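Going by my numbering, the sequence shown opens with residue 6, and the numbers climb by one from there. Idealized CB from N, CA, C, for every residue including glycine. Keep in mind that this is a model prediction, so the values were computed, not measured. Have a look at the structure below before the remarks.
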Amino acid sequence: MKKLQKYSLLIYILVMGLLTAISAKAQPVTPDSVQILTLKEFYQLILQHHPVASQAELLTEQAKQELRMARGTLDPVFNSKLSRKEFGGKEYYTTWTNTLRIPTWFGPEIRAGFDKAQGQYLNPENKTPENGLSYAGISVPLGQGLFIDERRNTIQQARLAQDIAEADRVKMINKLLLEATKDYRDWQLYYNTMLVYRESLELAAFRLSAVRARVWEGDLAAIDTVEALTEVQNRDVMLQEALLDYNNARLRISQHLWAENNVPLELEAQTIPSVTDTETIVLSTERMQQVLESARTNHPDLRKVDLKGQQLTFERRMATNKLLPKLNADYNVLQRDFFVTPEAFEEEHLGSNYKLGASLSIPLFMREERGKLQLTKVKQQHNTLELAHTTRAVENGILAAYNEWLSLENQIALQERMVDNARTLRNGELTRFQNGESSLFLINTREMKLMEAQVKLLNLKAKYAKARAQLYWAAGSLVADE
């Protein structure tokens, strides 16, 4: 008996040392120092300073400036040129030419100018009155450029490109938030798993202490202490593996956290994920149809294909316009001096002081123009096929995510019942053990089954949360708005 007591005392010392080491390695964060980072707060931090989010915002700014450049084709242009020639002591000529051109959105171009020229050897065509010659008029395209021209086509293309950039921005943000959501759910899963293993380890350690006491009293054999100690060690290993997964998940979370000026942030040690947003949410058939309809209209990929189709429509109009001859008519009213005088608007003046012109140009074979038109038609056919294929892919992606959503709902409900059953069996085994009808091995087995069921339930809930994010991402909506 003394030998048994000595042996039990030695086991007691070893167990106390083991428990001290376990407590040091798996010390939980004190409640007073805990900071909870919710998923919504996580999204806000990402959208504020993440480099990818900043790149996405730059797409909009880039398109805005490209539209500004396109509108520059309608800017008025002023030209001035002064020329003077002297040779052998003789003044040949001095000419000064000024022109103001004002393009208009609907095609014609308004022109105004002032010319002054003098000299002994001046070209008679360039001769002007002593005080110069001013003019104002208009140039009207009657063939190419009447309904659409390069200026209008460029601006329309830039406007559509702005909407395409917005679709690209939404797509980039969605992809970033989907990746961040999956990392957050993993972090949440490993944190909850760690809590389960920690609680299980504490139970095993408490049971080891109770077994040691009963061995000390002679109610149990000393070998039961080895059984309890082995279970403590096994659960300690499982906790350490969970801690490893949790710490690696924290690193992936930190990868999404940035401050101003591209300064990376680290997740503080006392920061933990929220554990209250893993509940199942019923998605009705009516709501699912709304998601599908919204995706057909607003999905970034579909928006891009549709907008490219609109761009091709303008390209086709432009290519068709190129088949028309270049026919332009110019009319300018002439007047002495620079200042406008009342007589410039009189009918007699308008009929006697003007400069009128017309020009015609047309390629004889139009191979370039006809080739351009046919190429645009081919591109439109390609775009139509791409739109049909992309629409089908988007719809199937949404339905696949929806099927996973429903399947996980059922699995979670079933697994919750399995957890309750496993807990009932564990509690019943404890009662039997207290009555001397069971063994420590059976209790540990029942407890391990309960722990496995709890961890599986946590995994299913994490998959379910990811499936929710996947569905909204597949629909092209912002994951942050789910």
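One or two residues paired with residue i in a DSSP bridge
{"i": "residue 263", "result": "269"}
{"i": "residue 334", "result": "145 and 363"}
{"i": "residue 492", "result": "Past the boundaries of the shown model lies residue 492; the chain is included only from 6 to 487, so the question cannot be answered."}
{"i": "residue 450", "result": "Its beta-bridge partners do not exist; DSSP assigns none."}
{"i": "residue 100", "result": "88 and 122"}
{"i": "residue 95", "result": "92"}
{"i": "residue 339", "result": "140"}
{"i": "residue 40", "result": "276"}
{"i": "residue 438", "result": "Answer is none; residue 438 lacks a bridge partner."}
{"i": "residue 108", "result": "114"}
{"i": "residue 82", "result": "106"}
C-beta atoms of residue i and residue j nearer than 7 Å
{"i": "residue 287", "j": "residue 480", "result": "no"}
{"i": "residue 434", "j": "residue 422", "result": "no"}
{"i": "residue 201", "j": "residue 460", "result": "yes"}
{"i": "residue 212", "j": "residue 233", "result": "yes"}
{"i": "residue 167", "j": "residue 68", "result": "yes"}
{"i": "residue 148", "j": "residue 313", "result": "no"}
{"i": "residue 240", "j": "residue 205", "result": "yes"}
{"i": "residue 195", "j": "residue 250", "result": "yes"}
{"i": "residue 177", "j": "residue 300", "result": "no"}
{"i": "residue 103", "j": "residue 118", "result": "yes"}
{"i": "residue 395", "j": "residue 310", "result": "yes"}
{"i": "residue 333", "j": "residue 56", "result": "no"}
Neighbour-count burial assignment, residue i, 16 or more Cβ in a 10 Å radius
{"i": "residue 265", "result": "exposed"}
{"i": "residue 397", "result": "exposed"}
{"i": "residue 302", "result": "exposed"}
{"i": "residue 82", "result": "exposed"}
{"i": "residue 1", "result": "Given a span of 6 to 487 for the chain in the structure shown, any question on residue 1 remains unanswerable."}
{"i": "residue 130", "result": "exposed"}
{"i": "residue 74", "result": "exposed"}
{"i": "residue 80", "result": "exposed"}
{"i": "residue 446", "result": "exposed"}
{"i": "residue 482", "result": "buried"}
{"i": "residue 475", "result": "buried"}
{"i": "residue 471", "result": "buried"}
{"i": "residue 15", "result": "In this prediction, residue 15 scores a pLDDT of 41, lower than 50, which makes its location untrustworthy; the coordinate-derived value is nonetheless stated afterwards. Exposed, by the Cβ-count rule."}
{"i": "residue 150", "result": "buried"}
{"i": "residue 368", "result": "exposed"}
{"i": "residue 304", "result": "buried"}
{"i": "residue 159", "result": "buried"}
Residue interval of the alpha helix (DSSP H) (run including residue i)
{"i": "residue 60", "result": "56–76"}
{"i": "residue 305", "result": "305–326"}
{"i": "residue 178", "result": "155–222"}
{"i": "residue 370", "result": "Element bounds for residue 370: n/a, residue is neither H nor E."}
For residue j and residue i, believed in contact at Cβ under 8 Å, the rounded distance
{"i": "residue 477", "j": "residue 413", "result": "With a Cβ gap of about 15 Å, residue 477 and residue 413 do not count as contacting."}
{"i": "residue 338", "j": "residue 140", "result": "6 Å"}
{"i": "residue 108", "j": "residue 78", "result": "7 Å"}
{"i": "residue 51", "j": "residue 182", "result": "7 Å"}
{"i": "residue 279", "j": "residue 41", "result": "5 Å"}
{"i": "residue 417", "j": "residue 325", "result": "Going by Cβ atoms, the distance from residue 417 to residue 325 rounds to 59 Å, so no, they are not a contact pair."}
{"i": "residue 320", "j": "residue 381", "result": "5 Å"}
{"i": "residue 5", "j": "residue 271", "result": "What is shown of the chain runs 6 to 487, which leaves residue 5 out entirely."}
{"i": "residue 225", "j": "residue 216", "result": "6 Å"}
{"i": "residue 153", "j": "residue 371", "result": "Incorrect: roughly 17 Å between the Cβ atoms, too far for contact."}
{"i": "residue 85", "j": "residue 116", "result": "With a Cβ gap of about 14 Å, residue 85 and residue 116 do not count as contacting."}
First through last residue of the beta strand (DSSP E) which encompasses residue i
{"i": "residue 141", "result": "138–146"}
{"i": "residue 123", "result": "114–123"}
{"i": "residue 286", "result": "Here residue 286 belongs to no beta strand (DSSP E), and DSSP marks it neither H nor E."}
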